[in-house]
Amino acid sequence: MSTDSVDLKGRVVAVAGATGMAGRATVLRLAQAGATVACGDIDARKLDELMDSVRRAVPGAIVVGQVVDLLDPQAAHDWAEHVEAEYGRVDGLIHMVGGWRGSKTFGDVDLADWDFMHDMLVRTLQHTSLGFHEALKRSDNGRFAIISAAAAHKPTGGNAVYATAKAAAETWTLSLADSFKDSSAAAAILVVKALVSPEMRAEKPNAKFAGFTETADLAEQVLSLWARPTDEVNGTHLWLTAQ
């Protein structure tokens, strides 16, 4: 779907985990489309770098940052309240907090990795979605999205921890979508095999990254959510890799 005509001027979109490679590409694309972008992340230095780079790339962009520990449910709630109070609305929340832990075999799984993945992929999702839920429902075109992985649908033994956490995140998002069914808000799951950024390609110019999704392409798909009818977005998987 072409996003050339998507105009988010006047819209307010929050991005959780904004300083990761997917977050950076998405913040930039949302700003290019005219959105006010509220970036949430735990790393103040990276937030400042992100905002500076987007403002340089998009003159006049309204991009703000909040240092927030999304493992703290009250902090996530306070962030959501602050964004709505400051700008009068919230039209989107894109959850891009990520991470990966795995093992060579199923028998080698370290359950400390599960604790880490559960926190990163599930807890932060729960806290942000609960915090922003009512504000998104108040929007006339609210959109929520997570980035999931094909591994959740075809897990391997060594990928048990990651795949299980992604599957849990998908289930939570589908429950959120059900709560949106009588509103103008929608929650979607964008599924990739893995992501690749320009920096990764520069570091490994001979690597093929077969089946990987470019971060810029992911950002375009995020933007497209506002161009699609609510009932075509809510509760759906948008596959950006082969199923």
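Each residue of the sequence shown is one higher than the last, beginning at 7 in this note's numbering.
Beta carbons: idealized from backbone N, C-alpha and C, even for Gly.
Q.
Assuming contact is defined by CB atoms lying nearer than 8 angstroms, are Ala28 and Ile153 in contact in what I supplied?
A. Within the sequence shown, numbered from 1, the residue matching residue 28 stands at position 22. Within the sequence shown, numbered from 1, the residue matching residue 153 stands at position 147. Taking 8 angstroms as the Cβ cut-off, Ala28 and Ile153 qualify as a contacting pair.
(Q) Does Met209 pass the burial test, meaning 16 or more other C-beta atoms within 10 Å, or should it be called exposed? (A) The sequence position of residue 209 within the sequence shown is 203, counting from 1. Looking at the sequence shown, residue 209 is not Met but Glu. By the neighbour-count rule (16 or more Cβ atoms within 10 Å), Glu209 is not buried but exposed.
Q) Roughly how many whole angstroms lie between the Cα atoms of Leu244 and Leu182? A) Taking the first residue of the sequence shown as 1, we reach residue 244 at position 238. Taking the first residue of the sequence shown as 1, we reach residue 182 at position 176. Roughly 16 angstroms separates the two Cα atoms.
Q. From the DSSP output, which residues share a beta bridge with Leu244?
A. Along the sequence shown, read from residue 1 onward, the residue named residue 244 stands at position 238. Leu196.
(Q) Can you list, in chain order, the residues of its chain with a C-beta nearer than 7 angstroms to that of Gln132? Leave out the 5 residues immediately preceding and following it. (A) Taking the first residue of the sequence shown as 1, we reach residue 132 at position 126. These residues qualify, in order along the chain: Trp178.
Q. Just checking my contact of Ile100 with Ala151 at CB under 8 angstroms: how many whole Å lie between their CB atoms?
A. Counting from one through the sequence shown, the residue named residue 100 turns up at place 94. Counting from one through the sequence shown, the residue named residue 151 turns up at place 145. Their Cβ separation, rounded to whole angstroms, is 5 angstroms, which keeps Ile100 and Ala151 in contact under 8 angstroms.
Q: Could you tell me the boundaries of the alpha helix (DSSP H) in which Val69 lies?
A: Walking along the sequence shown from the start, residue 69 turns up at place 63. It is not in any alpha helix (DSSP H) - Val69 instead sits in the beta strand (DSSP E) that spans Val69 to Val73.
Q | Reduced DSSP category for Arg62 - H, G, I as helix; E, B as strand; rest coil | A | Locating residue 62 in the sequence shown gives position 56, counting from the first residue. Residue state, collapsed to three classes: helix.
Q. What do you get for Ala91, buried or exposed, if any count of 16 or more other CB atoms within 10 angstroms of its CB means buried?
A. Start at 1 with the first residue of the sequence shown, and residue 91 comes out as number 85. Per the 10 Å Cβ criterion, exposed.
Q) When DSSP labels each residue in this structure, what does Ala118 get in the three-state scheme? A) As a first step, residue 118 is located in the sequence shown; it is residue number 112 there, counting from the start. Looking at Ala118 - three-state DSSP - the assignment turns out to be helix.
Q) Is it buried or exposed for Ser11, if we count other Cβ within 10 angstroms and need 16 for buried? A) The residue given as residue 11 occupies position 5 in the sequence shown. It is exposed - the Cβ of Ser11 has fewer than 16 other Cβ atoms within 10 Å.
Q. Taking buried to mean at least 16 other C-beta atoms within 10 Å of its own C-beta, is Asn240 buried or exposed?
A. Your numbering for residue 240 matches position 234 in the sequence shown. Asn240 is buried by the Cβ-count criterion.
Q: Return the chain-ordered list of same chain residues with a C-beta closer than 7 angstroms to the C-beta of Ala222, the five sequence neighbours on each side being excluded.
A: The residue labelled residue 222 in the question sits at position 216 within the sequence shown. Excluding positions up to five away in sequence, the list reads Ala31.
Q) Is it the case that the Cβ atoms of Leu229 and Thr9 are separated by a distance below 8 angstroms? A) Here residue 229 refers to the residue found at position 223 when the sequence shown is read from its first residue. Here residue 9 refers to the residue found at position 3 when the sequence shown is read from its first residue. Going by C-beta atoms, Leu229 is nearer than 8 angstroms to Thr9.
Q. Name the DSSP beta bridge partners of Glu238, please?
A. Here residue 238 refers to the residue found at position 232 when the sequence shown is read from its first residue. Paired residue(s): none; Glu238 is not in a bridge.
Q) Roughly how many angstroms separate the alpha carbons of Val64 and Thr242, rounded to a whole number? A) Position 58 of the sequence shown, counted from the first residue, corresponds to residue 64. Position 236 of the sequence shown, counted from the first residue, corresponds to residue 242. Going from the Cα of Val64 to the Cα of Thr242 covers about 31 angstroms.
Q.
Taking the straight line between their C-alpha atoms, what separation do you get for Gly98 and Ala82?
A. What you label residue 98 is simply residue 92 of the sequence shown in a count that begins at 1. What you label residue 82 is simply residue 76 of the sequence shown in a count that begins at 1. Cα to Cα, the separation comes out at about 15 angstroms.
Q.
Could you check whether Asp58 and Ala39 sit closer than 8 angstroms to each other, using their CB atoms as the reference points?
A. Locating residue 39 in the sequence shown gives position 33, counting from the first residue. Locating residue 58 in the sequence shown gives position 52, counting from the first residue. Cβ distance not < 8 angstroms, so Ala39 and Asp58 don't count as in contact.
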